[in-house]
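First residue of the sequence shown: -14, per this note's numbering; consecutive thereafter. Reading through the C-alpha coordinates given below for one structure.
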Amino acid sequence: MKNILFIHHATGWGGAPKSMIELIKSLDREKYSPEVLLLKDSSVSANLEENQIPYKIVQSTFYKKYYHFFTHSEADYTKWYQLFKLFKLSILWILSKYHFAPRELRQFNCDIIHLNSSVLTDWLASAKKTGKVIIQIREPFRKGNVDILHYIFRYQMRKHADKIIAISKDNANRIGIPEKTEIIYNYADVPKCNPTEESYYSKKFIYLGGSAKIKGFYTMVQALDYLDEDIKVYFGGNYASLNKKRSAIKRIIRFIVRYGKKRDAAIQKMQNHPNAIEIGLTHNVKKNLDEVCCLISPFSVSHFSRPVIEAHLHKKPAIGSDVEGMDEIIDHNVNGLIVEKNNPKALADAINYLCNNPGVVKEIGNNAYINAKKLFSPNNIKQFEQIYDKILQ
-14 MKNILFIHHA TGWGGAPKSM IELIKSLDRE KYSPEVLLLK DSSVSANLEE
36 NQIPYKIVQS TFYKKYYHFF THSEADYTKW YQLFKLFKLS ILWILSKYHF
86 APRELRQFNC DIIHLNSSVL TDWLASAKKT GKVIIQIREP FRKGNVDILH
136 YIFRYQMRKH ADKIIAISKD NANRIGIPEK TEIIYNYADV PKCNPTEESY
186 YSKKFIYLGG SAKIKGFYTM VQALDYLDED IKVYFGGNYA SLNKKRSAIK
236 RIIRFIVRYG KKRDAAIQKM QNHPNAIEIG LTHNVKKNLD EVCCLISPFS
286 VSHFSRPVIE AHLHKKPAIG SDVEGMDEII DHNVNGLIVE KNNPKALADA
336 INYLCNNPGV VKEIGNNAYI NAKKLFSPNN IKQFEQIYDK ILQ
(Lines of atoms letter the chains of each structure in order from A and count residues from 1; the text may use other names and numbers.)
(Lines give C-alpha, C1' and ligand atoms only; values in the text may rest on other atoms or scores of the structure.)
Protein backbone atom coordinates (compact mmCIF):
# COMPACT_ATOMS: atom_id res chain seq x y z
CA MET A 1 0.00 0.00 0.00
CA LYS A 2 1.48 3.31 -1.13
CA ASN A 3 0.58 6.57 0.62
CA ILE A 4 -0.23 9.52 -1.65
CA LEU A 5 -0.62 13.02 -0.23
CA PHE A 6 -2.46 15.48 -2.45
CA ILE A 7 -1.86 19.14 -1.64
CA HIS A 8 -4.55 21.58 -2.72
CA HIS A 9 -4.13 25.33 -2.66
CA ALA A 10 -7.34 27.30 -3.29
CA THR A 11 -10.70 27.99 -1.64
CA GLY A 12 -12.97 28.09 -4.68
CA TRP A 13 -14.78 25.25 -6.38
CA GLY A 14 -13.66 24.58 -9.93
CA GLY A 15 -11.74 22.29 -12.24
CA ALA A 16 -8.72 21.73 -9.98
CA PRO A 17 -10.51 20.38 -6.86
CA LYS A 18 -13.12 18.61 -8.98
CA SER A 19 -10.50 16.76 -11.02
CA MET A 20 -8.50 15.91 -7.89
CA ILE A 21 -11.54 14.40 -6.18
CA GLU A 22 -12.46 12.40 -9.27
CA LEU A 23 -8.90 11.07 -9.46
CA ILE A 24 -8.86 10.03 -5.80
CA LYS A 25 -12.27 8.36 -6.04
CA SER A 26 -11.09 6.26 -8.98
CA LEU A 27 -7.75 5.11 -7.56
CA ASP A 28 -7.28 1.44 -6.73
CA ARG A 29 -7.58 1.50 -2.93
CA GLU A 30 -5.81 -1.85 -2.65
CA LYS A 31 -2.69 -0.22 -4.06
CA TYR A 32 -2.96 3.42 -2.91
CA SER A 33 -3.96 5.16 0.30
CA PRO A 34 -4.78 8.81 -0.56
CA GLU A 35 -5.05 11.82 1.77
CA VAL A 36 -5.49 15.53 1.05
CA LEU A 37 -3.79 18.50 2.71
CA LEU A 38 -5.75 21.73 2.26
CA LEU A 39 -3.92 25.05 2.54
CA LYS A 40 -7.25 26.80 3.10
CA ASP A 41 -10.51 25.64 4.63
CA SER A 42 -13.34 25.99 2.13
CA SER A 43 -16.16 24.22 0.33
CA VAL A 44 -13.57 21.74 -0.92
CA SER A 45 -13.49 20.14 2.54
CA ALA A 46 -17.24 19.53 2.40
CA ASN A 47 -16.86 17.78 -0.94
CA LEU A 48 -14.02 15.66 0.43
CA GLU A 49 -16.21 14.62 3.35
CA GLU A 50 -19.09 13.85 1.03
CA ASN A 51 -16.85 11.51 -0.97
CA GLN A 52 -15.31 9.99 2.20
CA ILE A 53 -11.82 11.16 1.32
CA PRO A 54 -9.52 11.70 4.33
CA TYR A 55 -8.07 15.19 4.61
CA LYS A 56 -6.36 17.64 6.93
CA ILE A 57 -6.21 21.41 6.98
CA VAL A 58 -2.85 23.07 7.57
CA GLN A 59 -2.13 23.78 11.23
CA SER A 60 -0.08 26.93 10.76
CA THR A 61 -1.69 30.36 11.14
CA PHE A 62 0.69 31.46 8.40
CA TYR A 63 -1.30 29.58 5.75
CA LYS A 64 -4.70 30.22 7.27
CA LYS A 65 -4.29 33.97 7.64
CA TYR A 66 -1.35 35.38 5.68
CA TYR A 67 -0.38 33.06 2.87
CA HIS A 68 -1.28 33.58 -0.77
CA PHE A 69 0.14 31.33 -3.47
CA PHE A 70 2.27 32.91 -6.18
CA THR A 71 0.35 32.57 -9.44
CA HIS A 72 2.22 32.95 -12.69
CA SER A 73 -0.08 32.07 -15.57
CA GLU A 74 -1.46 33.98 -18.52
CA ALA A 75 -4.69 34.18 -16.57
CA ASP A 76 -3.23 35.72 -13.41
CA TYR A 77 0.23 37.11 -12.82
CA THR A 78 1.89 39.99 -10.99
CA LYS A 79 2.71 42.91 -13.27
CA TRP A 80 6.19 44.43 -13.16
CA TYR A 81 4.83 47.72 -11.77
CA GLN A 82 3.02 46.03 -8.84
CA LEU A 83 6.13 46.28 -6.70
CA PHE A 84 4.48 45.95 -3.30
CA LYS A 85 2.48 42.89 -4.35
CA LEU A 86 5.56 41.35 -5.94
CA PHE A 87 7.58 41.92 -2.76
CA LYS A 88 4.83 40.54 -0.53
CA LEU A 89 4.32 37.38 -2.60
CA SER A 90 8.07 36.81 -2.78
CA ILE A 91 8.39 36.96 1.03
CA LEU A 92 5.44 34.60 1.49
CA TRP A 93 6.89 32.19 -1.09
CA ILE A 94 10.30 32.15 0.64
CA LEU A 95 8.79 31.67 4.11
CA SER A 96 6.63 28.84 2.84
CA LYS A 97 9.46 27.10 1.01
CA TYR A 98 12.09 27.22 3.74
CA HIS A 99 10.08 27.08 6.96
CA PHE A 100 6.34 26.45 6.96
CA ALA A 101 6.01 23.83 4.20
CA PRO A 102 8.71 21.56 5.72
CA ARG A 103 7.06 21.92 9.13
CA GLU A 104 3.63 20.91 7.79
CA LEU A 105 5.00 17.89 5.94
CA ARG A 106 6.65 16.43 9.05
CA GLN A 107 3.30 14.99 10.14
CA PHE A 108 2.95 12.85 7.01
CA ASN A 109 4.54 9.58 5.94
CA CYS A 110 4.24 9.72 2.16
CA ASP A 111 5.49 7.73 -0.77
CA ILE A 112 4.22 10.34 -3.24
CA ILE A 113 3.30 14.01 -2.86
CA HIS A 114 0.97 15.16 -5.62
CA LEU A 115 0.90 18.98 -5.88
CA ASN A 116 -2.43 19.90 -7.47
CA SER A 117 -1.33 23.09 -9.27
CA SER A 118 1.69 24.84 -10.74
CA VAL A 119 1.25 27.59 -8.10
CA LEU A 120 2.71 25.24 -5.47
CA THR A 121 6.35 25.63 -6.49
CA ASP A 122 7.16 26.70 -2.91
CA TRP A 123 6.30 23.15 -1.76
CA LEU A 124 8.53 21.34 -4.24
CA ALA A 125 11.80 21.31 -2.27
CA SER A 126 10.33 20.10 1.05
CA ALA A 127 8.10 17.60 -0.75
CA LYS A 128 11.18 16.15 -2.43
CA LYS A 129 12.67 15.41 1.01
CA THR A 130 9.47 13.59 2.00
CA GLY A 131 8.84 11.36 -1.02
CA LYS A 132 8.51 11.29 -4.78
CA VAL A 133 7.04 14.49 -6.18
CA ILE A 134 4.48 15.15 -8.90
CA ILE A 135 3.36 18.66 -9.81
CA GLN A 136 0.29 19.09 -11.99
CA ILE A 137 0.18 21.95 -14.48
CA ARG A 138 -3.44 23.06 -14.71
CA GLU A 139 -2.75 26.64 -15.80
CA PRO A 140 -1.23 28.16 -18.96
CA PHE A 141 2.22 29.02 -17.55
CA ARG A 142 3.26 32.53 -18.49
CA LYS A 143 6.04 32.66 -21.09
CA GLY A 144 7.07 36.30 -21.45
CA ASN A 145 10.22 37.16 -23.39
CA VAL A 146 11.83 38.72 -20.31
CA ASP A 147 10.30 36.84 -17.43
CA ILE A 148 12.51 36.13 -14.42
CA LEU A 149 9.71 34.42 -12.48
CA HIS A 150 9.14 31.98 -15.32
CA TYR A 151 12.73 30.76 -15.04
CA ILE A 152 12.73 30.68 -11.23
CA PHE A 153 9.59 28.55 -11.01
CA ARG A 154 10.63 26.42 -13.96
CA TYR A 155 13.98 25.77 -12.26
CA GLN A 156 12.18 24.56 -9.13
CA MET A 157 10.19 22.08 -11.22
CA ARG A 158 13.23 20.84 -13.11
CA LYS A 159 15.25 20.38 -9.92
CA HIS A 160 12.71 18.90 -7.51
CA ALA A 161 9.84 17.31 -9.43
CA ASP A 162 10.07 13.63 -10.31
CA LYS A 163 7.27 14.05 -12.81
CA ILE A 164 5.33 16.97 -14.29
CA ILE A 165 1.78 16.27 -15.46
CA ALA A 166 0.19 18.81 -17.82
CA ILE A 167 -3.52 18.80 -18.67
CA SER A 168 -2.91 19.93 -22.26
CA LYS A 169 -0.23 20.10 -24.94
CA ASP A 170 -0.23 23.89 -24.70
CA ASN A 171 0.43 23.77 -20.94
CA ALA A 172 3.22 21.23 -21.44
CA ASN A 173 4.92 23.31 -24.11
CA ARG A 174 4.85 26.39 -21.89
CA ILE A 175 6.79 24.58 -19.14
CA GLY A 176 9.41 23.39 -21.61
CA ILE A 177 10.75 20.40 -19.64
CA PRO A 178 9.75 17.55 -22.01
CA GLU A 179 11.99 14.96 -20.36
CA LYS A 180 9.93 15.13 -17.15
CA THR A 181 6.52 15.98 -18.57
CA GLU A 182 3.54 13.76 -19.35
CA ILE A 183 0.25 15.00 -20.82
CA ILE A 184 -2.89 13.60 -19.20
CA TYR A 185 -6.03 15.34 -20.30
CA ASN A 186 -8.70 16.33 -17.82
CA TYR A 187 -11.58 13.89 -17.63
CA ALA A 188 -15.17 13.71 -16.51
CA ASP A 189 -17.84 11.09 -15.95
CA VAL A 190 -19.54 9.73 -19.04
CA PRO A 191 -23.31 10.17 -18.56
CA LYS A 192 -25.32 6.96 -18.55
CA CYS A 193 -28.30 8.51 -20.31
CA ASN A 194 -28.48 10.28 -23.65
CA PRO A 195 -29.81 13.84 -23.80
CA THR A 196 -33.40 14.26 -24.87
CA GLU A 197 -34.18 15.09 -28.48
CA GLU A 198 -35.94 18.23 -27.28
CA SER A 199 -32.72 19.61 -25.77
CA TYR A 200 -31.21 20.01 -29.25
CA TYR A 201 -34.16 22.24 -30.12
CA SER A 202 -33.78 24.17 -26.88
CA LYS A 203 -33.01 27.84 -27.17
CA LYS A 204 -31.10 27.75 -23.90
CA PHE A 205 -27.32 28.06 -23.57
CA ILE A 206 -25.04 28.01 -20.54
CA TYR A 207 -21.99 30.06 -19.55
CA LEU A 208 -20.10 28.99 -16.41
CA GLY A 209 -17.33 31.57 -16.03
CA GLY A 210 -18.74 33.84 -13.34
CA SER A 211 -17.79 37.52 -13.55
CA ALA A 212 -14.13 36.82 -14.37
CA LYS A 213 -12.84 38.94 -17.24
CA ILE A 214 -10.44 36.24 -18.44
CA LYS A 215 -13.35 33.82 -18.82
CA GLY A 216 -15.06 36.16 -21.25
CA PHE A 217 -17.72 37.60 -18.95
CA TYR A 218 -17.71 41.08 -20.49
CA THR A 219 -17.85 39.63 -24.00
CA MET A 220 -20.72 37.36 -22.98
CA VAL A 221 -22.70 40.24 -21.46
CA GLN A 222 -22.16 42.47 -24.48
CA ALA A 223 -23.22 39.63 -26.79
CA LEU A 224 -26.65 39.56 -25.12
CA ASP A 225 -27.67 42.66 -27.08
CA TYR A 226 -27.19 40.84 -30.41
CA LEU A 227 -29.09 37.65 -29.53
CA ASP A 228 -32.46 36.63 -30.94
CA GLU A 229 -35.27 37.50 -28.56
CA ASP A 230 -36.21 33.92 -27.67
CA ILE A 231 -32.70 32.83 -26.63
CA LYS A 232 -31.83 32.45 -22.95
CA VAL A 233 -28.31 32.21 -21.54
CA TYR A 234 -27.82 30.69 -18.09
CA PHE A 235 -25.06 32.51 -16.21
CA GLY A 236 -23.35 30.15 -13.76
CA GLY A 237 -20.59 31.12 -11.33
CA ASN A 238 -19.92 33.86 -8.79
CA TYR A 239 -21.39 37.32 -9.45
CA ALA A 240 -20.79 39.03 -6.12
CA SER A 241 -20.00 42.73 -6.30
CA LEU A 242 -16.33 43.49 -5.97
CA ASN A 243 -17.02 46.67 -4.06
CA LYS A 244 -19.03 44.81 -1.41
CA LYS A 245 -16.20 42.39 -0.71
CA ARG A 246 -13.26 44.75 -0.45
CA SER A 247 -11.94 47.23 2.06
CA ALA A 248 -12.63 50.95 1.73
CA ILE A 249 -9.09 51.64 0.45
CA LYS A 250 -9.32 48.93 -2.20
CA ARG A 251 -12.75 50.17 -3.25
CA ILE A 252 -11.30 53.66 -3.73
CA ILE A 253 -8.39 52.30 -5.80
CA ARG A 254 -10.72 50.24 -7.95
CA PHE A 255 -13.02 53.23 -8.41
CA ILE A 256 -10.08 55.32 -9.63
CA VAL A 257 -9.10 52.71 -12.22
CA ARG A 258 -12.83 52.05 -12.81
CA TYR A 259 -12.24 48.27 -12.72
CA GLY A 260 -14.73 47.43 -10.00
CA LYS A 261 -17.26 49.87 -11.41
CA LYS A 262 -17.04 48.29 -14.86
CA ARG A 263 -17.59 44.80 -13.49
CA ASP A 264 -20.49 45.87 -11.29
CA ALA A 265 -22.11 47.54 -14.30
CA ALA A 266 -21.70 44.36 -16.35
CA ILE A 267 -23.20 42.25 -13.55
CA GLN A 268 -26.16 44.62 -13.26
CA LYS A 269 -26.72 44.51 -17.02
CA MET A 270 -26.68 40.70 -16.99
CA GLN A 271 -29.11 40.52 -14.07
CA ASN A 272 -31.59 42.83 -15.81
CA HIS A 273 -31.24 41.56 -19.38
CA PRO A 274 -34.22 39.64 -20.84
CA ASN A 275 -31.90 37.09 -22.52
CA ALA A 276 -30.02 36.24 -19.31
CA ILE A 277 -30.87 33.99 -16.37
CA GLU A 278 -28.49 34.04 -13.41
CA ILE A 279 -28.12 30.61 -11.78
CA GLY A 280 -25.00 31.43 -9.72
CA LEU A 281 -22.70 28.81 -8.25
CA THR A 282 -23.89 25.31 -9.06
CA HIS A 283 -22.58 21.83 -8.30
CA ASN A 284 -25.17 20.20 -10.55
CA VAL A 285 -23.73 21.10 -13.95
CA LYS A 286 -24.91 17.77 -15.37
CA LYS A 287 -28.56 18.77 -15.01
CA ASN A 288 -27.91 22.11 -16.70
CA LEU A 289 -26.02 20.51 -19.58
CA ASP A 290 -28.85 18.07 -20.19
CA GLU A 291 -31.28 20.98 -20.50
CA VAL A 292 -29.37 23.37 -22.79
CA CYS A 293 -28.35 22.91 -26.40
CA CYS A 294 -24.81 24.29 -26.09
CA LEU A 295 -22.10 25.51 -23.70
CA ILE A 296 -20.37 28.90 -24.15
CA SER A 297 -16.70 29.28 -23.14
CA PRO A 298 -15.46 32.64 -24.49
CA PHE A 299 -12.09 32.89 -22.70
CA SER A 300 -9.86 35.88 -23.41
CA VAL A 301 -6.60 34.13 -22.43
CA SER A 302 -5.15 30.71 -23.10
CA HIS A 303 -7.12 28.04 -21.30
CA PHE A 304 -8.03 24.36 -21.41
CA SER A 305 -11.68 24.43 -20.38
CA ARG A 306 -13.04 21.55 -18.28
CA PRO A 307 -16.70 22.60 -18.81
CA VAL A 308 -16.18 22.07 -22.56
CA ILE A 309 -15.14 18.47 -21.84
CA GLU A 310 -18.21 17.96 -19.67
CA ALA A 311 -20.47 19.42 -22.36
CA HIS A 312 -18.97 17.15 -25.01
CA LEU A 313 -19.51 14.06 -22.88
CA HIS A 314 -23.17 15.14 -22.63
CA LYS A 315 -23.27 15.15 -26.44
CA LYS A 316 -23.51 18.92 -26.51
CA PRO A 317 -21.29 21.21 -28.59
CA ALA A 318 -19.40 24.20 -27.22
CA ILE A 319 -18.61 27.67 -28.51
CA GLY A 320 -15.07 28.73 -27.60
CA SER A 321 -12.73 31.58 -28.44
CA ASP A 322 -9.58 31.45 -30.54
CA VAL A 323 -7.13 31.41 -27.62
CA GLU A 324 -4.15 29.07 -27.41
CA GLY A 325 -5.12 25.60 -26.28
CA MET A 326 -8.82 25.84 -27.12
CA ASP A 327 -8.29 24.11 -30.47
CA GLU A 328 -7.15 21.00 -28.59
CA ILE A 329 -10.74 20.40 -27.50
CA ILE A 330 -12.86 22.31 -30.01
CA ASP A 331 -12.46 21.49 -33.70
CA HIS A 332 -14.25 24.29 -35.53
CA ASN A 333 -17.43 23.14 -37.30
CA VAL A 334 -16.74 19.54 -36.24
CA ASN A 335 -17.54 19.39 -32.50
CA GLY A 336 -18.22 23.06 -31.82
CA LEU A 337 -17.53 26.57 -33.01
CA ILE A 338 -14.54 28.83 -32.41
CA VAL A 339 -15.00 32.60 -32.63
CA GLU A 340 -12.68 35.57 -32.30
CA LYS A 341 -11.96 36.40 -28.67
CA ASN A 342 -13.35 39.64 -27.19
CA ASN A 343 -15.80 39.91 -30.11
CA PRO A 344 -19.38 39.97 -28.75
CA LYS A 345 -21.01 40.22 -32.20
CA ALA A 346 -19.16 37.14 -33.47
CA LEU A 347 -20.11 35.26 -30.30
CA ALA A 348 -23.76 36.23 -30.63
CA ASP A 349 -23.79 35.23 -34.32
CA ALA A 350 -22.50 31.76 -33.37
CA ILE A 351 -25.17 31.40 -30.66
CA ASN A 352 -27.94 32.52 -33.03
CA TYR A 353 -26.70 30.14 -35.72
CA LEU A 354 -26.82 27.07 -33.48
CA CYS A 355 -30.15 28.08 -32.01
CA ASN A 356 -31.66 28.16 -35.51
CA ASN A 357 -30.02 24.92 -36.66
CA PRO A 358 -30.87 22.12 -34.21
CA GLY A 359 -29.78 19.50 -36.73
CA VAL A 360 -26.27 20.97 -36.68
CA VAL A 361 -26.32 21.07 -32.87
CA LYS A 362 -27.11 17.37 -32.73
CA GLU A 363 -24.56 16.41 -35.38
CA ILE A 364 -21.62 18.26 -33.86
CA GLY A 365 -22.77 17.27 -30.38
CA ASN A 366 -22.47 13.61 -31.39
CA ASN A 367 -19.04 14.31 -32.92
CA ALA A 368 -18.02 15.95 -29.64
CA TYR A 369 -19.10 12.89 -27.66
CA ILE A 370 -17.12 10.45 -29.82
CA ASN A 371 -13.94 12.51 -29.50
CA ALA A 372 -14.40 13.28 -25.77
CA LYS A 373 -15.09 9.67 -24.82
CA LYS A 374 -11.81 8.72 -26.48
CA LEU A 375 -9.69 11.50 -24.97
CA PHE A 376 -11.38 12.75 -21.79
CA SER A 377 -13.04 9.79 -20.07
CA PRO A 378 -12.16 8.43 -16.59
CA ASN A 379 -9.92 5.89 -18.36
CA ASN A 380 -7.25 8.58 -17.99
CA ILE A 381 -7.01 7.54 -14.32
CA LYS A 382 -4.98 4.53 -15.45
CA GLN A 383 -2.30 6.87 -16.78
CA PHE A 384 -1.89 8.42 -13.32
CA GLU A 385 -1.52 4.98 -11.76
CA GLN A 386 1.09 4.05 -14.35
CA ILE A 387 3.08 7.18 -13.46
CA TYR A 388 2.75 6.51 -9.72
CA ASP A 389 4.05 2.96 -10.20
CA LYS A 390 6.87 4.08 -12.45
CA ILE A 391 8.34 6.76 -10.19
CA LEU A 392 8.20 4.37 -7.20
CA GLN A 393 10.29 1.72 -8.94
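Glycine residues also receive a C-beta, built at the ideal position from the N, C-alpha and C atoms.
Practice prompt. Output the distance between the C-alpha atoms of residue 67 and residue 84, rounded to the nearest integer angstrom.
Written response: Residue numbering aside, residue 67 sits at position 82 when the sequence shown is read from its first letter. Residue numbering aside, residue 84 sits at position 99 when the sequence shown is read from its first letter. Residue 67 and residue 84: Cα-Cα distance of roughly 26 Å.
Worksheet item: Does the region 171 to 184 come close enough to the region 214 to 227 that 3 or more CB-CB pairs lie under 8 Å?
Response: no
Worksheet entry | Contact under 8 Å by Cβ, residue 122 with residue 152 | Here residue 122 refers to the residue found at position 137 when the sequence shown is read from its first residue. Here residue 152 refers to the residue found at position 167 when the sequence shown is read from its first residue. Yes. Within cutoff.
Item to complete: Drop a sphere of 10 angstroms on the beta-carbon of residue 200, count the other beta-carbons inside from all chains shown, and report buried for 16 or more, exposed for fewer.
Response: Within the sequence shown, residue 200 is the residue found at index 215, counting from 1. Classification for residue 200: buried.
Discussion item. Quick check on this structure: which residue in 61, 108, 103 has the alpha carbon closest to the alpha carbon of residue 91?
Written reply: In the sequence shown, counting from the first residue as 1, residue 91 sits at position 106. When each option's Cα is compared against that of residue 91, the closest is 108.
Item to complete: Look at residue 251 and residue 293 and say whether their C-beta atoms are less than 8 Å apart.
Response: In the sequence shown, residue 251 corresponds to position 266, counting from 1. In the sequence shown, residue 293 corresponds to position 308, counting from 1. Their beta carbons are not under 8 Å apart, which means residue 251 does not touch residue 293 by this criterion.
Discussion item. If I measure Cβ to Cβ from residue -14 and keep anything under 8 Å in the same chain, skipping five residues before and after, which residues do I get?
Written reply: Locating residue -14 in the sequence shown gives position 1, where the first residue counts as 1. Around residue -14: 15, 16, 17, 18.
Discussion item. Can you look up residue 172 in the DSSP assignment and give me helix, strand or coil?
Written reply: Against the sequence shown, residue 172 aligns to sequence position 187. It is coil, neither helix nor strand.
Worksheet entry | residue 396 versus residue 124: straight-line alpha-carbon distance, rounded | Limits of the chain in this structure are -14 at one end and 378 at the other, which puts residue 396 out of reach.
Item to complete: Measure the C-alpha to C-alpha separation of residue 322 and residue 330 and round it to an integer number of angstroms.
Response: Within the sequence shown, residue 322 is the residue found at index 337, counting from 1. Within the sequence shown, residue 330 is the residue found at index 345, counting from 1. Cα to Cα, residue 322 sits roughly 14 Å from residue 330.
Worksheet entry | Residues of its chain near residue 359, where Cβ-Cβ distance is below 6 Å and the 5 sequence neighbours each way are ignored | Position 374 of the sequence shown, counting from 1, holds the residue named residue 359. Here the set comprises nothing.
Item to complete: Name the one or two DSSP bridge partners that residue 62 has.
Response: Along the sequence shown, read from residue 1 onward, the residue named residue 62 stands at position 77. In DSSP, residue 62 forms a bridge with 57.
Worksheet item: Exposed or buried, which one is residue 188 when buried takes at least 16 other CB atoms within 10 Å?
Response: Counting from 1 along the sequence shown, the entry for residue 188 is found at position 203. Buried.
Worksheet item: For residue 0, which of 161, 74, 78, 288 has the nearest alpha-carbon?
Response: Position 15 of the sequence shown holds residue 0. The candidate whose alpha carbon is nearest that of residue 0 is 288.
Worksheet item: Can the beta-carbon of residue 279 be found closer than 8 Å to that of residue 262?
Response: In the sequence shown, residue 279 corresponds to position 294, counting from 1. In the sequence shown, residue 262 corresponds to position 277, counting from 1. No, they are not a contact pair.
Fill in: Own chain residues within Cβ distance below 6 Å of residue 7, not counting five before or after
For the purposes of this step, residue 7 is taken as the residue at position 22 of the sequence shown. The answer is none, since no qualifying residue turns up.
Discussion item. Let me make sure I understand the geometry here. Which of 103, 128, 154, 150 has the alpha-carbon closest to that of residue 141?
Written reply: Position 156 of the sequence shown, counted from the start, is the residue given in the question as residue 141. The candidate whose alpha carbon is nearest that of residue 141 is 103.
Practice prompt. Would you be able to state if there are at least three C-beta pairs under 8 Å between the region 331 to 339 and the region 356 to 371?
Written response: no
Fill in: Alpha-carbon spacing of residue 312 relative to residue 211, whole angstroms
Taking the sequence shown and counting its residues from 1, the one referred to as residue 312 is at position 327. Taking the sequence shown and counting its residues from 1, the one referred to as residue 211 is at position 226. Distance between the alpha carbons of residue 312 and residue 211: 25 Å.
Practice prompt. Quick one: using the 10 Å Cβ neighbour count with 16 as the cut-off for buried, is residue 314 buried or exposed?
Written response: As a first step, residue 314 must be located in the sequence shown, where it is residue number 329. Buried is the call here.
Practice prompt. Check residue 19 in the structure and name its three-state DSSP category.
Written response: Along the sequence shown, read from residue 1 onward, the residue named residue 19 stands at position 34. It is a strand residue.
Item to complete: Give the range of the alpha helix (DSSP H) segment to which residue 29 is assigned.
Response: Counting from one through the sequence shown, the residue named residue 29 turns up at place 44. Element bounds for residue 29: 28 to 35.
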